[in-house]
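In the UniProt record's numbering, the protein residues as written are 1 to 712.
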């Protein structure tokens with residue numbers, strides 16, 4: 001046996017794992033305080049993240065350890081191995097007292113020696129991390145051995161601050177007595193040592209992951225995106241000065257994919273509050289790195305001046321959309337028109353780009369391809385964009401261009417987003433039931449390569465409705481339903497990592513195409529649509545919600561109760577990511593029983609919903625929540641298992657981050673009610689803190705990981 005394995009063999013996997021994490025913390029802190037090898041800092045942090053995710057996957061980290069303010073389980077000034085054995089210490093991150101999966105890993109996977117291999121790799125990581133101490137020794141820095149071991153003793157950052165200080169002093173002395181060529185050789189030598197160390201750590205992490213089943217490796221790679229966001233936004237790993245731009249330095253296919261997803265957030269930052277003072281708006285616009293739909297209009301044009309509007313005449317035989325169920329009430333620019341959201345029509349049309357210069361002054365992205373293709377168009381009333389808005393027509397156009405570009409960029413970044421490729425948008429007019437016309441804007445998408453070009457896609461709601469109404473329903477196999485649930489959860493997870501907020505997640509906006517070869521609906525390829533409502537309208541003079549007490553059909557049953565159940569005069573909370581997650585929870589219930597959520601409504605209510613009549617959502621929200629919650633708690637486990645039930649309940653009930661956001665909103669709203677001027681009842685309540693930082697990571701471990709672990 002290798003000496004490393006012999007030495008560490010008597011130590012538990014949990015203990016040596018904790019030792020490795022401590023080594024990473026010390027190394028990262030030292031690098032963050034020095035000037036050398038800054039380009040390697042991000043890579044070292046990625047390797048630490050990979051090790052932590054691997055450990056959490058095996059149950060070596062308690063949930064409390066992942067909270068930003070959780071106390072550390074180790075003291076940086078005391079001997080690492082000694083501290084890692086103090087498992088009874090409050091806040092310790094190890095789960096030594098419980099039997100971890102790794103303790104029985106040989107039996108579970110029937111691979112003799114797998115546990116020993118794991119211990120050996122962890123031992124080599126520990127040995128590699130010990131080498132960072134040589135840097136400290138070069139500057140005559142030694143850890144103090146006589147520090148009292150107590151909860152208020154100097155932590156790792158304070159200790160390594162002294163190391164950085166002495167490094168700076170030594171560097172200054174070298175500058176006085178050493179030629180510039182010598183200094184360059186010295187810096188390069190340090191960098192070479194760190195690059196060699198990084199290569200070893202990367203290889204060892206690869207080795208640990210190779211001991212996992214393939215689906216576990218794939219899952220951990222996917223989870224990197226939320227960990228990178230946590231690295232950027234939460235500050236839990238002392239990453240002062242780190243920005244999304246630094247992720248361009250990342251290497252490795254899994255790491256690069258995660259970085260691409262997170263970098264989308266740079267130009268798709270839907271969490272930014274668009275309701276700011278004029279001075280703040282101007283300052284932010286001046287410093288904006290990339291445009292967002294809520295920045296000042298001039299910033300939307302940065303990076304691309306491409307016109308995304310497609311003339312309506314470029315579509316072959318595209319009939320006027322019919323808004324049969326659209327409801328609206330007249331009003332002025334500041335107070336209307338208002339209307340309830342309904343499933344608006346989708347059209348299928350052949351887009352035949354006109355390339356003649358006499359007909360096209362500015363080529364669009366779609367027209368440059370100059371090839372006729374079948375497209376899907378999703379419509380929405382233009383009035384929904386301009387209600388209570390100060391944007392001009394030109395600014396609205398710029399905004400549409402920007403959103404279309406973002407949709408295209410997201411779709412081509414990764415297939416797991418489950419977004420159709422957006423070619424641009426078009427505009428037209430449509431008649432409603434009373435004979436009047438409404439201006440529409442439609443976002444145009446390519447059909448997928450596998451899809452039949454002969455028919456419109458079918459929605460998940462249509463499939464569920466057909467099964468619910470049938471005496472002999474066609475229910476997909478259990479494996480197919482699990483796969484669909486995972487696919488939608490993965491899509492929402494990645495979209496949230498990329499900064500998207502959908503706002504209308506429901507089975508009406510999950511579609512399937514018929515396969516061109518079989519002419520059968522392909523349930524293996526779901527797509528999330530309905531992006532024409534994907535982000536709040538410019539709300540410089542608008543309350544942060546639709547402010548409607550009624551809904552149409554069963555659509556409001558997908559809406560989070562906090563967006564429905566408010567006293568008259570109160571302001572509803574800004575739309576948050578947890579509200580999209582709630583809507584996913586409703587879909588998970590539908591998939592489990594293969595019935596639409598309308599099945600949980602009262603019989604009389606169902607009849608009205610099926611006719612798309614108005615429903616008093618505000619008054620029904622409480623009763624809906626009672627039956628939805630009870631059904632999820634009592635009936636999901638027998639149907640789909642405990643893991644599926646727990647994942648669904650997290651979506652419906654919210655995690656710690658969502659609950660904290662709700663608590664803070666209620667406190668601010670209560671204060672606003674006390675201080676507002678009765679003569680100024682329309683004053684906008686500023687709900688600034690709605691970002692729910694870290695919710696992507698929480699969603700990954702509490703929902704996605706649970707769904708991915710389910711096997712039949």
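C-beta atoms are modelled at their ideal positions from N, C-alpha and C, and glycine is treated no differently.
Item                                                                                                                                                                                         : Value
Okay, do the stretch 211 to 231 and the stretch 694 to 701 touch, 3+ Cβ pairs below 8 Å being the bar?                                                                                       : yes
With distances taken from CA atoms, which of 206, 465 and 491 is nearest residue 508?                                                                                                        : 465
With a cut-off of 8 Å on the beta carbons, I'd call residue 378 and residue 551 a contact; round off their distance for me.                                                                  : So it is not a contact: roughly 20 Å between Cβ atoms.
If I follow the unbroken beta strand (DSSP E) through residue 511, where does it start and stop?                                                                                             : 510 to 514
Going by beta carbon distance, what residues of the same chain come within less than 6 Å of residue 312, once the five residues before and after it are set aside?                           : 426 and 428
Tell me which same chain residues have a C-beta within less than 7 Å of the C-beta of residue 625, skipping the five on either side of it?                                                   : 561
Helix, strand or coil for residue 346, going by three-state DSSP, please let me know.                                                                                                        : strand
Start and end of the beta strand (DSSP E) containing residue 373?                                                                                                                            : 373 to 381
Is there contact between the stretch 487 to 507 and the stretch 457 to 471, where contact requires at least three CB pairs shorter than 8 Å?                                                 : yes
Got a sec, what are the start and stop residues for the alpha helix (DSSP H) residue 482 sits in?                                                                                            : 478 to 497
If you run the structure through DSSP and keep just helix, strand and coil, what is residue 426?                                                                                             : strand
Residue 403 to residue 652, Cα distance in whole Å?                                                                                                                                          : 29 Å
Using DSSP with H/G/I as helix, E/B as strand and the rest coil, what is residue 439?                                                                                                        : strand
Identify the residues that DSSP records as bridge partners of residue 528: which are they?                                                                                                   : 510
Verify whether the separation of the beta carbon atoms of residue 382 and residue 396 is less than 9 Å.                                                                                      : yes
What whole-angstrom Cβ distance do residue 211 and residue 128 have, given they're in contact under 8 Å?                                                                                     : The Cβ separation is near 18 Å, so there is no contact.
Can you give me the C-alpha to C-alpha distance between residue 256 and residue 457, rounded to a whole angstrom?                                                                            : 33 Å
Is the beta carbon of residue 220 sitting closer than 9 Å to the one on residue 262?                                                                                                         : no
In its own chain, which residues sit with a C-beta less than 8 Å from the C-beta of residue 319, not counting the 5 before and 5 after it?                                                   : 347
Give every residue of the same chain whose Cβ lies closer than 7 Å to the Cβ of residue 474, excluding the five residues on either side of it in the sequence, and list them in chain order. : 467
Please state whether DSSP places residue 131 in a helix, a strand or coil.                                                                                                                   : coil
Measure the Cβ-Cβ separation of residue 612 and residue 586 and say whether it is below 9 Å.                                                                                                 : no
Would the beta-carbon of residue 617 fall within 9 Å of that of residue 556?                                                                                                                 : yes
Verify whether the separation of the beta carbon atoms of residue 323 and residue 408 is less than 9 Å.                                                                                      : no
Go ahead and pull the three-state DSSP assignment for residue 724.                                                                                                                           : One cannot answer for residue 724 here, as it falls past the ends of the chain, which runs 1 to 712.
Could you check whether residue 484 and residue 598 sit closer than 9 Å to each other, using their CB atoms as the reference points?                                                         : no
Taking buried to mean at least 16 other C-beta atoms within 10 Å of its own C-beta, is residue 113 buried or exposed?                                                                        : exposed
Do residue 649 and residue 714 count as a contact pair if the criterion is CB distance below 9 Å?                                                                                            : Nothing in the structure corresponds to residue 714, since the chain is present only between 1 and 712.
Going by DSSP, name the residue or residues bridged to residue 552.                                                                                                                          : 614
Just the C-alpha distance for residue 56 and residue 577, rounded to the nearest angstrom, thanks.                                                                                           : 24 Å
Could you spell out the range, first to last residue, of the alpha helix (DSSP H) harbouring residue 588?                                                                                    : 577 to 593
If we count the other Cβ atoms within 10 Å of its Cβ and call it buried at 16 or more, is residue 518 buried or exposed?                                                                     : exposed
With a 10 Å radius around its C-beta and 16 neighbouring C-beta atoms as the bar for buried, classify residue 702 as buried or exposed.                                                      : buried
Taking the alpha carbon of residue 621 as the reference point, which residue from 640, 554 and 610 has its own alpha carbon closest?                                                         : 554
Assign residue 54 to one of two classes, buried (16 or more other C-beta atoms within 10 Å of its C-beta) or exposed (fewer than that).                                                      : buried
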